[in-house]
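For reference, the structure is listed below as structure tokens.
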Ligand code: IMP
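Residue numbers (this note's numbering): 94 to 520.
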């Protein structure tokens, strides 16, 4: 597919945790600006640098490279307390964070303490029907944005407006927290004082990032749009309601940064060589046996934000096909290929059996998704030594890759064979 600009969007093609962080960290070398466009502190992008592990929640992974500008876009929801911590930690590790390399959109919405309390309260009330959220207040914060009662970063600078808005919204939130969830209420003074303190720390980074990005595009600077979570968690096209509350697909990059859709460029989708999911919701290829446990341990499949064990399963090409279509993915990066080397044979799902019928499209109804039986194609596996030492693609792995490319009509441009920056094979 022809590239419309020199920009690119990186999105998750599964249920999140595909390894977007490390791919962005790697390819950001070729870009000038890295912009996050949705989500918030629910994301945990992990990068290994010389044995040191960095987990970023708000700041794009490009921040770990010199001379790159990182953008926190208007489409994100920001937890100021966590963001300040994140900046402080990076500075402590020796990274220079200034208003030249970090810019925060003044239009981004805030995650406030009542959002977190409501998120946790609502999940508890739902009991066994809970979504399994990260408890970071993401849903309630986006809810307020759409309900036109969210507080944005720009509001903190205007004390009178901030107080008036908070007064209005707290009236409702405190009633709900107290009456529905039997939880403590919040005091406006304490909230304003905490917001003001944290705002003083981030003030220098806050600006009109939408204008900045468009100006830079005109100057031919290259922008990499960094997605969080994955297409299957998209609020419209994911396994609703077991999704996050933002547009995780490539289209979200335009709304979440103010850069026109025609300037987004090529779309790179990230997928593991198998599948994982945290939280509840359908997962047709989930493994409940010993192999699933092995995959979790060998792949260290534990959430970067919450530490929760991830559910593990085989690669689902039907779900991937859905993501590729919705995000317009031009090429795929297959991560954690090394992990599958512990098995003698590996499987990929090539269809679903539903009531004696074979289907090859992703069912939109959760009732259907809940009863589908995956149809697998099995491959002989490869050894770790073959992949890591020679950096050539072993025969069996090559067959695996070629099959996926053909099935999805999408090229695989890179595979990762370990967590370090150089453990990547370009195809
Ligand atoms: P929320 O985004 O905290 O509201 O969580 C909604 C759903 O998205 C839950 O199933 C979470 O486990 C999942 N989720 C949110 N962020 C991530 C992520 O960064 N990786 C994987 N799953 C995520």
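Even glycine gets a Cβ: it sits at the ideal position worked out from N, Cα and C.
Length of the line joining the Cα atoms of residue i and residue j
i: residue 295; j: residue 276; result: 30 angstroms
i: residue 193; j: residue 211; result: 36 angstroms
i: residue 509; j: residue 485; result: 12 angstroms
i: residue 342; j: residue 336; result: 12 angstroms
i: residue 254; j: residue 261; result: 11 angstroms
i: residue 266; j: residue 172; result: 18 angstroms
i: residue 403; j: residue 376; result: 12 angstroms
i: residue 388; j: residue 287; result: 43 angstroms
i: residue 330; j: residue 107; result: 12 angstroms
i: residue 153; j: residue 447; result: 41 angstroms
i: residue 139; j: residue 120; result: 15 angstroms
i: residue 367; j: residue 297; result: 42 angstroms
i: residue 374; j: residue 313; result: 42 angstroms
i: residue 134; j: residue 465; result: 33 angstroms
i: residue 244; j: residue 136; result: 21 angstroms
i: residue 104; j: residue 321; result: 7 angstroms
i: residue 502; j: residue 413; result: 11 angstroms
i: residue 520; j: residue 475; result: 17 angstroms
i: residue 457; j: residue 443; result: 17 angstroms
i: residue 290; j: residue 217; result: 31 angstroms
i: residue 400; j: residue 127; result: 26 angstroms
i: residue 248; j: residue 300; result: 13 angstroms
i: residue 315; j: residue 507; result: 21 angstroms
i: residue 235; j: residue 130; result: 13 angstroms
i: residue 241; j: residue 132; result: 18 angstroms
i: residue 452; j: residue 516; result: 37 angstroms
i: residue 100; j: residue 273; result: 47 angstroms
Identity of the residues DSSP links to residue i by a beta bridge
i: residue 316; result: 126
i: residue 101; result: 317 and 359
i: residue 376; result: For residue 376, which the question treats as bridged, DSSP gives no partner whatsoever.
i: residue 406; result: 368 and 379
i: residue 202; result: 170 and 245
i: residue 471; result: 440
i: residue 497; result: Answer by DSSP bridge pairing: none, since residue 497 is not bridged.
i: residue 492; result: DSSP, once it has assigned bridges, lists no residue as partnering residue 492.
i: residue 519; result: 507
i: residue 395; result: 402
i: residue 195; result: 163
Contact test: residue i Cβ vs the ligand IMP heavy atom, cutoff 6 angstroms
i: residue 371; result: yes
i: residue 110; result: yes
i: residue 326; result: yes
i: residue 337; result: yes
i: residue 136; result: yes
i: residue 165; result: no
i: residue 247; result: no
i: residue 368; result: no
i: residue 514; result: no
i: residue 231; result: yes
i: residue 254; result: no
i: residue 226; result: yes
i: residue 131; result: no
i: residue 242; result: no
i: residue 322; result: yes
TODO: Entirely within the region 108 to 176 and at least 4 residues each: give me those alpha helix (DSSP H) ranges in chain order.
DONE: The alpha helix (DSSP H) runs lying completely inside the region 108 to 176 and spanning 4 residues or more are 113 to 120, given in chain order.
Task: Segments assigned beta strand (DSSP E), at least 3 residues, entirely inside the region 409 to 469 - done: Those beta strand (DSSP E) runs which fall completely within the region 409 to 469 and span 3+ residues are 424 to 428, 438 to 447 and 450 to 452.
Task: Every unbroken beta strand (DSSP E) inside the region 268 to 327 [3 residues or more] - done: DSSP runs (the beta strand (DSSP E)) wholly in the region 268 to 327: 316 to 319.
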